[in-house]
Structures are given as structure tokens and as C-alpha cells.
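In the numbering used here, the protein residues as written are 56 to 210.
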């Protein structure tokens, strides 16, 4: 397992208080670099500048949603890292929503509100090298099917 002090995490959350809390807890857990942005567009820019080791993204955001961002990462030829671990954060925890996120390529699902210990467990699960990041729930590569380019997402 990687050392948390060496990990770079990008947090994408449109609510300022939730963004601050996620970043604060990740830093308290010992994550070396935590960057926070409030939109999918900002996330695309940050990922183009420096690709994170892990993405923590809110599901519901105006413009580019968390699912749109995951789809881009998993399927676009412009993706900075199709196998990047992704943790989806949402206040909605229906079985259908979790299954949809998993089918899109989300590695872990964190329900708000959350306890720091739960975030830590999800973080370690995302960083587990035994997980196959490059395949969806049916075992097919994420690149099979619809793709979105960064230009399509940002417009």
C-alpha cells in the first residue's frame, strides 16, 4: 500500500463547507497533497496540470456532474489517467445510485454525512493495489462504449 504522505488527492465538491471538511479530514489522515476545487471544469483543468493519484468527487454539481467527470476519466482518449481511483461522495445512497456509480467506474462510494473513520476506510480501499481499476462491473474495459472529450464536457 502507498504511504498517505506521498498521495495527491483532488477533491471536487461544489458546496464550500463540504469541500473544506473533506480536505481537512484527508489532511488529518496524513494525505500529503490535497487539492480542492468546486466544479467539474476546475477539476479538468487541475487534472491537465497535474494528474492526482485519486479523485474524490461529489455526484451532484452544476455543469459537469460527478458522473460526467468519471465517464470522462474512464472513457475519453483525453483522460489523464483512465485507471485513476475514484471515490464518489453523495447524500443519496439508494442501491440504484450506488450501482450506477459502480457501473460508471467509481471505486468507492461515500455517503454524506460521514464519519472520518468511514472516509479513511474508503480511502484505503481506493488505494488497494489488488483492485482492478481498468474494468467496469461487467469486467469490460471502461473504454468500451460512449466516450466524451474534455471539449464536450467543458461546453
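Think of the CB as a built atom: it goes at the ideal place given N, C-alpha and C, for glycine as much as any other residue.
Please read all numbers here as calculations on a predicted model, not as lab measurements.
>> Using a Cβ-Cβ cutoff of less than 7 Å, which residues in the same chain neighbour residue 2 once the five nearest sequence positions on both sides are dropped?
In response: Since the first residue of the chain shown is 56 and the last is 210, residue 2 is not available in this structure.
> Looking only at DSSP bridge pairs, what is residue 164 linked to?
Replying inline: Paired residue(s): 143.
>> Residues in the same chain with beta-carbon distance under 8 Å from residue 142, minus the five sequence neighbours each way, listed in chain order, please.
In response: Sequence-distant Cβ neighbours of residue 142 in its own chain, meaning closer than 8 Å and more than five residues away, are 109, 110, 111, 112, 161, 162, 163, 164, 165, 177, 178 and 181.
> Are the stretch 84-92 and the stretch 115-130 touching by the rule of at least three beta carbon pairs closer than 8 Å?
Replying inline: no
> Between residue 58 and residue 82, what straight-line distance do the alpha-carbon atoms span, to the nearest angstrom?
Replying inline: 13 Å
>> On the DSSP bridge list, what partners appear for residue 88?
In response: Here residue 88 is bridged, per DSSP, to 63.
> Using the rule of at least 16 other Cβ atoms within 10 Å of the residue's Cβ for burial, across every protein chain shown, is residue 68 buried or exposed?
Replying inline: buried
> In whole angstroms, what is the alpha-carbon distance linking residue 66 and residue 116?
Replying inline: 13 Å
> Does the Cβ of residue 173 have 16 or more other Cβ atoms within 10 Å, making it buried, or fewer, making it exposed?
Replying inline: The C-beta of residue 173 has fewer than 16 other C-beta atoms within 10 Å across all chains shown, which makes the residue exposed.
> So, are the CB atoms of residue 87 and residue 62 less than 8 Å apart?
Replying inline: yes
> What separation, rounded to the nearest whole angstrom, lies between the Cα atoms of residue 149 and residue 167?
Replying inline: Those two C-alpha atoms are separated by around 12 Å.
> Taking the alpha-carbon positions, what's the residue 152 to residue 146 distance?
Replying inline: Using only the alpha carbons, I get a separation of about 11 Å.
>> For residue 71, which residues in the same chain have their Cβ closer than 8 Å to its Cβ, ignoring the five residues on either side in sequence?
In response: For residue 71, where only same-chain residues beyond five positions count, the Cβ hits under 8 Å are 93.
> Three-state secondary structure (DSSP) at residue 123?
Replying inline: helix
> In terms of residue numbering, what span does the beta strand (DSSP E) encompassing residue 69 cover?
Replying inline: No beta strand (DSSP E) holds residue 69; DSSP gives it neither H nor E.
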